[in-house]
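Its first residue numbered 498, the sequence shown is counted upward by one per residue in the numbering used here. What follows is a single structure, written as C-alpha cells, with notes after it.
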Amino acid sequence: MNRPAPGNRSPTGGGTWWGWGWVPEQNRVRVEPAPGPLLLASRLTPAVPPEPVVARPRLLRRLDEGSAGPVTLVAAPAGWGKTTLLASWVRLGGAPPDVEPGAVVPDSGDLSVSSAADPVSAWMSVEAGDDSDRLWAYLAAALRSATGSAGGLEGGPVPDRPPRPDQLEALAATLAAADRPVLLILDDLHRVADPAALTGLEFLLRHAEQRLRLVIGARAGLHLPLHRLRLAGELTEIGPDELAFTDDEVADLLTAHGAALPATAVHRLRERTGGWPAALRIAALAVRGQPDPERWVGQFGGDQPEIAGYLHEEVLATLDPAQQDLLRRTALVDNVCADLAEALTGRADAGQALADLAGTGGLLHREDTRPPWYRCDSLLADLLRADLARLPVDELRELHVRAADWYAGDGRPADALRHALAAGRWDLAGDLFVAHWPELTHYDRDPVYAPAPAPPPAEVIRADPEVALACAAERAYAGDLPAATAHLHAAAGHAPGLPVPRRDRFLRLVAALELTVARLADDRAEVRAAAARLLRTRPAQASPTGAPTGLASSAPTAGGGGAADDLDLRAFTGTALGLVELADGRLPTGRFVRARSAARAAGRARTELVAASRAALLLAVRGELRAAEQAARDALGMPPCRGWSCRLDCGYAYLALAVVALLRDQPEEATTNLALAVAALDVAGGWAGSPDAGDDWLAAASSEPVAVAVAALCRAQLRRDSGDPAAGQRLLVRAREALADRPSAAELTDLLRAAEAQLRAERGDLDSARDLLAGAADDGADPALAVTLAKVQLLAGDAAAAERTRPDWQAPTATDWPLPVRLDAGLLAAVLAERAGDGRRAGRILEQLLDLAGPQGCRRVFTRAEPPVRDLLAAHLDAGTAHFALVGDLVRGAGQSTAGPAAGPRGTLDEPLTERELTILRYLQSILSNVEIASELSLSVNTVKTHVRNIYRKLDATRRREAVRRARELRLL
498 MNRPAPGNRS PTGGGTWWGW GWVPEQNRVR VEPAPGPLLL ASRLTPAVPP
548 EPVVARPRLL RRLDEGSAGP VTLVAAPAGW GKTTLLASWV RLGGAPPDVE
598 PGAVVPDSGD LSVSSAADPV SAWMSVEAGD DSDRLWAYLA AALRSATGSA
648 GGLEGGPVPD RPPRPDQLEA LAATLAAADR PVLLILDDLH RVADPAALTG
698 LEFLLRHAEQ RLRLVIGARA GLHLPLHRLR LAGELTEIGP DELAFTDDEV
748 ADLLTAHGAA LPATAVHRLR ERTGGWPAAL RIAALAVRGQ PDPERWVGQF
798 GGDQPEIAGY LHEEVLATLD PAQQDLLRRT ALVDNVCADL AEALTGRADA
848 GQALADLAGT GGLLHREDTR PPWYRCDSLL ADLLRADLAR LPVDELRELH
898 VRAADWYAGD GRPADALRHA LAAGRWDLAG DLFVAHWPEL THYDRDPVYA
948 PAPAPPPAEV IRADPEVALA CAAERAYAGD LPAATAHLHA AAGHAPGLPV
998 PRRDRFLRLV AALELTVARL ADDRAEVRAA AARLLRTRPA QASPTGAPTG
1048 LASSAPTAGG GGAADDLDLR AFTGTALGLV ELADGRLPTG RFVRARSAAR
1098 AAGRARTELV AASRAALLLA VRGELRAAEQ AARDALGMPP CRGWSCRLDC
1148 GYAYLALAVV ALLRDQPEEA TTNLALAVAA LDVAGGWAGS PDAGDDWLAA
1198 ASSEPVAVAV AALCRAQLRR DSGDPAAGQR LLVRAREALA DRPSAAELTD
1248 LLRAAEAQLR AERGDLDSAR DLLAGAADDG ADPALAVTLA KVQLLAGDAA
1298 AAERTRPDWQ APTATDWPLP VRLDAGLLAA VLAERAGDGR RAGRILEQLL
1348 DLAGPQGCRR VFTRAEPPVR DLLAAHLDAG TAHFALVGDL VRGAGQSTAG
1398 PAAGPRGTLD EPLTERELTI LRYLQSILSN VEIASELSLS VNTVKTHVRN
1448 IYRKLDATRR REAVRRAREL RLL
C-alpha cells in the first residue's frame, strides 16, 4: 500500500485523534447506499485503535511485503493486537519509510491518494453469527466501496447473496480484468462457523489471477485451504512470535502511558508477559499508580484480577470444556508431550488435542523436538495453576503421583522427585533420591521456579532420613540453597542411629549433596573438599565394568556398592570438578572425557550431556576434531529426545562444532555454529570488537570464561579471514582483559596472546607483536607463544633467530601440544629447511605433518598460512606424496584463501582449456604417467596425449612441470 501524499490535511478540519495522528473526515471509508439489507458502516471501516498506539514499523513492513501476494494471515489468540495492527496499517496506508519504532506517526493526508498500479483496498469486520447471506452482503459492499472510484467493478456483477457458480465465474473474470488489484482486509474471519460460506471467496482467490488479495486477521479454525496456499508459497503468516513486543517496544509502550521503568524491569515484564500486547497494556495502565514499580513488575502474573478476567473471558471461554480441562491438568508441569498429557488426563487423543491448541488455537508453543513438547504462555499458566490449586486435595495429589510415575519412567528423576514430594509420596521420593542422586543436580543456568513442597512429618524423617535428603536435593535443584542446607543438616543428625551398611551409603549421599550445594553456591574450595570426601567413600571393590543402563536397572546402585557406585562417583565428581576448573579458566579436557565415559557406562544421561558438551569444546581446542565433532553431535542429540532445554550445554556443543569447522577451513559452517553458540553465552555487543560493548562481554566472561574466550578466538579468525584483522585484534584484546584476574587461565590466555600477536604481525606491526610475546623464547614457555614469536622473527627477515626460537615439534613433550600448534611448529620447520636449501628435509617434514593432519581433517594451518607454505605444498605435489588428493586440495584452498576478494587471474588464455583438459591438467601435478592417467579416466593413451599436447600449446609450455607452473600462475590449479 502507498504512503499517503503529504500536505493534504487541513489542521482545522474535522477528524479523530487516535494515537497516530488526526484522521480527517474525508479519509474515512464512505459506504454508498445499495439495494439489499441494511449494513453497518462501522463494519466496513477500519477500527479506531485504543490510544496510545506504538509505532511498530517492522510489522507494517511485513504487511506491505505480504500484501503483494495472494493471502496474508495475521493469526493469534485474543489480545495479540491483530485488529490494532491491521487498522493502523490501513489508516497509515502502509509503513512510512522514515518512521522510527515507538514514534507517534502523524497522518499526512488523504488516504485515497495512490498510483494507478497500487491495489484499491476495502475493510470488512466479521461478527459472530454471520451466515453465508450476511457475509456476502458485507463482502459485496466492501468490494463496491473499494472499486467505486476506480471503475473496475462499477456496475459489475457483485451479488448481495451467496453467488451461484455462473455469478462466481463472472465476478472472477471481472476482477481478473480490472485495472487495479483489490486488497480485501477481513478482520476476525474465524467467526465464520460455516465452511461453505467461504467457498465462493476461495474460488475467487483461485481464479481472479491474483487481482484479489486478502489480508486476514483471525484466531483459529479458519475455513480456508491454508496448507495448499502454504505449499504454493502464496501465504504470508504473521503469528504470535512476530506480534510479541520486543524489549524496545515494551519500553515505548510504557513511555507512551507515562510509566517509565528501568531496563531490567522492562525485560522482566516482557519475559513475564511473553510480549503479549493485551497484558502489556494492562500492566502499563496499572504500573503508573504503584509506589514501587520494579517490585510490582516482579510480582506481576496471570493470577492478577485484570489479567485473570481477560484470560477467562477472551481466551478460555472460547474453548470447549474438554480443552479447558486438558490445559488445566497439563499446567501441572512446565512442558508437556503427548504421552505425559495422556498420563495426566487419561485421554487417548491428548497428543492431537495439544497439536490443535498449538496449531489453530495458538495457545501452546510447540518446541521443535521429536516427539514435540509444548508449553503454555506464562500468564495463562499462572491462571491455570491457580485454578488447579482449587481442585480437591485428593484429586490434585493423584495428578502429582501420575506426573511422578511418568517422569520416573521417562528418565527424568528431578521432575519425578518434585512431584513425588508435592504428592506426599515420601516412600517414592526417598527411593527416587537413593537410586538417582547423580542426576538430581541442577546444571542449567536458567533458574527453576518451583514452590517448596510441604515438609515431611517428623516421624517420616526419623524412620527414613533419606527423605530429608530428597527434600534437600529438590530445594537445591530449585536454587533454594538455604532450605536445602536446612534439610541437609536435619538429615545428617540421624546418621549415627543407622545400621553400618545403610550409614555408609547415607554418608555418601550426604557428601554428594554437600558437593552439589557448594557448586551451586560457587564455593570452589568447598567443592574440592566435598569431592575429596565423596571419593573417599568409593566402594573398596570398585570395578570399571558392569553398569546399569536405565532408571529401573539403576535403582539399587546407591546401596549395593561395587562397579555401579564407582561409575556414579567418578562421573559425578569428575563433572563437578571439571565445571569448577572451567570456571577458573582451565582446560580440563581429560577430566570431562573420563566423566563422560563413566556417566555413559552408568546410564546417567544428564551428567553425560554436561560432560560431553564440555569435552567436545576442549577436544576441539586441542585439535582432536573427529572426537570433538562426535561428542558435540551426541550432546546435541540428547536434549530433544529427553524434553530438556539445556541451552548452555547446547551452546558448548555448537561452539565445539564452530571450532571444528574453523580448523577445517569451513568458514560458512563455522559462522553458522558460532551464531548458535552466542545466544547461549548471553553476550551480543562484544562480538564486533567494539569498545562500547564492555558490560555484556565481561558478564559472560565471568560466568563462562573458557567458552567466551574460545568464541572470541574463533570470531577473531573469521574476521581476519573476511579482511578485517583489526576487528579481530580488538576482540582478542578484550578477551585477554576479561581473563586478566584469572591466573589459572594461563594456557587459554597464551592462546589468545599468540593469536593477537599473529594478527598484529600480519598487519605489519612487528614491534608490538614482539612485545606481546615477551618471554616466549624462554625455556618452558608455552609452545603456541614460541612458534608465533619464531614466525614474527621470520617475517622480520631474521631466519636464524626464528630457527633458534621455534619449538621442536618432534620432541617427546610435543605430543601433548594442541594439534594446530604442533602443525604450525612443523610447518615453520619445513619453511626454514627450504630456505636453508634443504628441500629434501622440508619434504620429509611436510609428509609427516600431513600424516598428523589428515585423519583429523585439520586444513586451516595449511590453507591460511603464509605464501611460502603454499609453495612448499605445490613443490610437494611435484616431488610425490602419499597424500596426493589432500595436498592438491590444500594447494587450491591456500590459493583461494590468499587471493582475497579482489584477486583474480594474473593473465588470461587466448584459448581457454576445456573441462576435459582441466581434469587432465590436475593429474599432471602428480607423478602419474600418461598411461596411468588414461587408466584413471578410462580413456585411451592416445586421447590423453592429444589433450596434453593441447594443454601445452594453450599454456605456452614445452613440458609437464612448466605447464603446471603456468597453470598455478593463472590460478587454474
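Virtual Cβ for every residue (Gly too), placed ideally from N, Cα, C.
For the pair Leu-1256 and Gln-1226, the CB atoms are nearer than the 8 Å cut-off. CA-to-CA, the gap between Leu-1349 and Arg-769 works out to about 53 Å. Distance from the Cα of Arg-826 is smallest, within the candidate group Ala-814, Glu-839, Asp-817 and Thr-815, for Glu-839.
In this structure, the alpha-carbon of Val-1366 lies about 12 Å from that of Ala-1330.
A residue is called buried when at least 16 other Cβ atoms come within 10 angstroms of its Cβ; Tyr-807 meets this threshold and is buried. Counting every other CB atom within 10 Å of its CB across the protein chains shown gives His-1373 a total of 16 or more, marking it as buried. Shown here for Ala-947: same chain residues with a beta carbon closer than 7 Å to its own, the five before and five after excluded, namely Arg-915 and Ala-975 in chain order.
Between the region 1019-1035 and the region 1071-1089, the count of C-beta pairs closer than 8 Å reaches three or more; the two stretches touch. In the three-state DSSP reduction, Gly-856 falls in the helix class (H, G or I).
Closest in C-alpha terms to Ala-1150, from the list Ala-1129, Arg-1144, Met-1135 and Gly-994, comes Ala-1129. Trp-1306: not part of any alpha helix (DSSP H); DSSP gives it neither H nor E. Within the model, the alpha-carbon separation for Phe-742 versus Val-551 is close to 10 Å. Your pair Leu-1249 and Leu-1229 checks out as a contact, with CB atoms roughly 5 Å apart and the cut at 8 Å. The alpha-carbon of Arg-553 is positioned some 8 Å away from that of Glu-746. If you draw a 10 Å sphere on the C-beta of Ser-1219, you find fewer than 16 other C-beta atoms in it, and that means exposed. Excluding five sequence positions before and after Ala-1391, the CB atoms of its chain that fall closer than 6 Å to its own CB belong to Thr-1360 and Arg-1367, given in chain order. A distance of 8 Å or more separates the beta carbons of Ala-1108 and Leu-1116. Residue range 732-735 is occupied by the beta strand (DSSP E) that includes Glu-734. With fewer than 16 other Cβ atoms from the protein chains shown falling within 10 Å of its own Cβ, Ile-1424 counts as exposed. The Cβ-Cβ distance between Arg-1303 and Ala-1327 does not fall below 8 Å. In the three-state DSSP reduction, Ala-1235 falls in the helix class (H, G or I). Of the other Cβ atoms in all chains shown, 16 or more fall within 10 Å of the Cβ of Arg-1002; this residue is therefore buried. Here the C-alpha atom of Glu-1466 lies approximately 11 Å from the C-alpha atom of Glu-1459. Leu-861 is a Cβ neighbour of Tyr-871, given a cutoff of 8 Å. About 7 Å separates the Cβ atoms of Gly-799 and Ala-878, confirming a contact at the 8 Å cut-off. According to the DSSP assignment, Val-679 belongs to no alpha helix (DSSP H) but to the beta strand (DSSP E) extending over 679-684. Per DSSP, the continuous beta strand (DSSP E) segment holding Leu-861 begins and ends at 861-863.
Rounded to the nearest whole angstrom, the C-alpha separation of Leu-777 and Ala-905 is 38 Å. In this structure, the straight-line span from the alpha carbon of Leu-1434 to that of Thr-1416 is close to 9 Å.
As the crow flies, the alpha-carbon of Pro-998 is around 22 Å from that of Ala-969.
In terms of Cβ geometry, Ser-564 and Val-712 form a close pair [threshold 8 Å]. Here DSSP, grouped into helix, strand and coil, assigns Trp-620 to strand.
Assignment of Ala-1167 by DSSP, reduced to helix, strand and coil, places it in the helix class. Annotated as proximal: Val-1118 and Pro-1315, with beta-carbon spacing under 8 Å. The distance from the Cβ of Ala-1176 to that of Ala-1155 is about 13 Å, inconsistent with a contact at the 8 Å cut-off.
In the three-state scheme derived from DSSP, where H, G and I count as helix and E and B as strand, Cys-1143 is classed as coil.
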